[in-house]
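Novice: With the first letter of the sequence shown counted as 1, position 346 gets the number 346 in the working numbering; the numbers rise by one all the way through.
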Amino acid sequence: MSESVKDSVDAAVVDKYGRPLRSLRLSVTDRCNLRCKYCMPEQDYVWLPREDVLTHEEMAGLTGYFTDLGVDRVRLTGGEPLLRRNLPRLIRLLLQNRRVTDIALTTNGILLAEQAEALYEAGLDRVTVSLDTLRPERFRQLTRRDEYERVLEGIESVARAGFTGLKLDTVAIRGFNDDELVGLIEFGKQVQAEVRFIEYMDVGGANDWSQEQVFSRAEMLTLLSKYYGVIEPMPERGAAPAQRYQLPDGTTFGIIPSTTTPFCATCDRSRVTADGMWYRCLYATTGTDLRKTLRAGASADEMRALLRVGWEGRRDRGAEERKELERDGLRVGRLIGIEKLRENPHLEMHARGG
């Protein structure tokens, strides 16, 4: 190994606030087979040009440069990642990199029953399924698709394929599904999954987010305590965004309070879109075009230098900034206009993995 490569591998990379580069969320497609109101409320979107979408080899190569600088965890996202053809092949390519210690997948579950076994055999470590309601009629209302039964089939297929550690992610929205928290935890017990409730986030896209719709962590704990009794917080795990809790019977669940209590101070995540745009924050409006540099023939050292400079200059704290706008009464309407969103697909959360 050359000295330049060795130095790039060994030297710790931290941003302006001392946050390390540890976690990579790799979006493999911007397309989705649902139209959830909190994520993709429009029926039609401007999609990334297919010729711009990275190949599996390009994605694995870029991941290698990130792991050289400290990343050891990769999460495959979308859009809906299971729409990407031959995803198990990408997983096998990623696992050729010995610095990758964990590969996870976030999916809506619709195609999971068909692919779970192949994903497990390829080496995928963990699966997270988004499930916001247990009521078919609410599912149709939220997603504008009639795929509830296929999602349940997908969840059931996870354990059969051999996976453990299944997580179910639920966006808790006041007035929509805040009466289902207990039901979702009980469902989680049945399918051997840990439920994680996510405060409704102001993603700034085409959705009509409002503070009134946020069902806070404090309110969740109050509601669940009335049913289950004393709920104990569990020790926090590094930069993980979810605070985990334990019920009296030992059942665990998590809450991600990203709206009322942003975790910007410990955020170690990077996001790469399917066409190679690199965002250092979920809420960033500008990113770095890694595809352009990669396809121009940049060397490994040049790619690592680009990532190092980008991360070391990082000052992003998007969730905290949005909370400050709300606190100061400056958050009025959509942060990004609908026409601008239609002009630039990168500004929508489905393009960068949410």
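From the three backbone atoms N, C-alpha and C, an ideal C-beta is built for every residue, glycine too. On a predicted model such as this, the values are computed, not experimentally measured, just so you know.
1. Rounded to a whole number of angstroms, what is the C-alpha to C-alpha distance between Met1 and Ser270?
2. What first and last residue would you give for the beta strand (DSSP E) that runs through Gly167?
3. Considering only C-alpha positions, which residue in the set Asn97, Gly109, Asp52, Cys39 is nearest to Tyr148?
4. Evaluate contact between the segment 184-202 and the segment 252-268, counting only Cβ atoms and requiring at least three cross-stretch pairs below 8 Å.
5. Candidates Arg22, Leu142, Pro257, Glu348: which alpha carbon is nearest Thr67's?
6. In this structure, how does DSSP classify Asp52 when only helix, strand and coil are distinguished?
7. Since Glu80 contacts Cys36 with CB under 8 Å, what's their CB separation in whole angstroms?
8. Using only CA atoms, which one of Thr106, Thr101, Leu282 lies nearest to Asp72?
9. When the Cα of Ala60 is compared with those of Val53, Tyr45, Leu90, Arg138, which residue comes out closest?
10. Taking DSSP as the reference, what is the three-state secondary structure of Met1?
11. Between which residues of its own chain and Gly276 is the CB-CB distance below 8 Å, once the five residues before and five after are set aside?
12. Cβ atoms of Gly165 and Ala113: under 8 Å apart, would you say?
13. Classify Ala218: buried if its beta carbon has 16 or more other beta carbons within 10 angstroms, exposed otherwise.
14. Classify Phe139 as helix, strand or coil using the three-state DSSP reduction.
15. Assuming Ile103 contacts Leu94 under a Cβ cut-off of 8 Å, what Cβ separation, rounded to an integer in Å, is found between them?
16. Out of curiosity, what's the CA-to-CA distance linking Phe215 and Ala172?
17. Pro241 bridges to which residues according to DSSP?
18. From Arg280 to Cys264, what does the alpha carbon distance come to, in whole angstroms?
19. Given a threshold of 16 other Cβ atoms within 10 Å of its Cβ, counted over all protein chains shown, does Ser210 qualify as buried or as exposed?
20. In terms of alpha-carbon separation, which member of Asp316, Arg244, Pro248, Glu320 lies closest to Ser258?
21. For Ser8, I'd like the list of residues in its chain whose CB is within less than 6 Å of its CB, leaving aside the five on either flank, ordered along the chain.
22. If you drop the 5 nearest sequence neighbours on each side, which residues of the same chain put their C-beta closer than 7 Å to that of Pro241?
23. Give the DSSP-derived three-state secondary structure of Arg202 in the structure shown.
Specialist: Short version:
1. Within the sequence shown, residue 1 is the residue found at index 1, counting from 1. Within the sequence shown, residue 270 is the residue found at index 270, counting from 1. Since pLDDT at Met1 reaches only 38, below the 50 mark, its modelled position is unreliable, and no value is offered.
2. Counting from 1 along the sequence shown, the entry for residue 167 is found at position 167. Note on residue identity: the sequence assigns Lys, not Gly, to residue 167. Taken as a continuous stretch (DSSP letters only), the beta strand (DSSP E) holding Lys167 covers 166-172.
3. Residue 148 sits at position 148 when you count from the first residue of the sequence shown. Nearest C-alpha to Tyr148: Gly109.
4. yes
5. By 1-based counting over the sequence shown, the position of residue 67 is 67. Out of Arg22, Leu142, Pro257, Glu348, Arg22 has the C-alpha closest to the C-alpha of Thr67.
6. As a working note, residue 52 is residue 52 in the sequence shown. Helix at Asp52.
7. The count along the sequence shown starts at 1 and reaches residue 80 at position 80. The count along the sequence shown starts at 1 and reaches residue 36 at position 36. Not confirmed; about 11 Å, so no contact.
8. Within the sequence shown, the letter at position 72 stands for residue 72. It is Thr101 whose Cα lies nearest to the Cα of Asp72.
9. Here residue 60 is taken as the residue at index 60 of the sequence shown, counted from 1. Checked all of Val53, Tyr45, Leu90, Arg138; the closest Cα to Ala60 is Leu90.
10. Residue mapping note: residue 1 aligns to position 1 of the sequence shown, counting from 1. Residue confidence for Met1 is low, a pLDDT of 38 falling below 50, so the modelled location carries little weight and cannot support an answer.
11. Residue numbering aside, residue 276 sits at position 276 when the sequence shown is read from its first letter. Cβ within range, chain order: Asp52, Leu54, Glu58, Leu62, Asp289, Leu290, Arg291, Lys292, Leu294.
12. Against the sequence shown, residue 113 aligns to sequence position 113. Against the sequence shown, residue 165 aligns to sequence position 165. Their beta carbons are not under 8 Å apart, which means Ala113 does not touch Gly165 by this criterion.
13. In the sequence shown, counting from the first residue as 1, residue 218 sits at position 218. Exposed is the call here.
14. Within the sequence shown, residue 139 is the residue found at index 139, counting from 1. Residue state, collapsed to three classes: helix.
15. Counting from one through the sequence shown, the residue named residue 103 turns up at place 103. Counting from one through the sequence shown, the residue named residue 94 turns up at place 94. Ile103 to Leu94, Cβ: 6 Å. Contact.
16. Residue numbering aside, residue 215 sits at position 215 when the sequence shown is read from its first letter. Residue numbering aside, residue 172 sits at position 172 when the sequence shown is read from its first letter. Using only the alpha carbons, I get a separation of about 6 Å.
17. For the purposes of this step, residue 241 is taken as residue 241 along the sequence shown, with counting starting at 1. Pro241 pairs with nothing; no bridge assigned.
18. Counted from its first residue, the sequence shown places residue 280 at position 280. Counted from its first residue, the sequence shown places residue 264 at position 264. Approximately 11 Å, taken between the alpha carbons.
19. On the sequence shown, residue 210 is found 210 positions in, with the first residue counted as 1. So Ser210 counts as exposed.
20. As a first step, residue 258 must be located in the sequence shown, where it is residue number 258. The shortest Cα separation from Ser258 among Asp316, Arg244, Pro248, Glu320 belongs to Glu320.
21. Here residue 8 refers to the residue found at position 8 of the sequence shown. Reliability fails at Ser8, whose pLDDT of 44 lies under 50, so the model's placement of it is uncertain and the value that follows must be treated cautiously. The residues are Asp68, Arg304.
22. Locating residue 241 in the sequence shown gives position 241, counting from the first residue. Only Ile256, Ser258, Phe263 meet the Cβ criterion.
23. The sequence position of residue 202 within the sequence shown is 202, counting from 1. For the sequence presented, residue 202 should be read as Asp rather than Arg. Correct three-state label for Asp202: coil.
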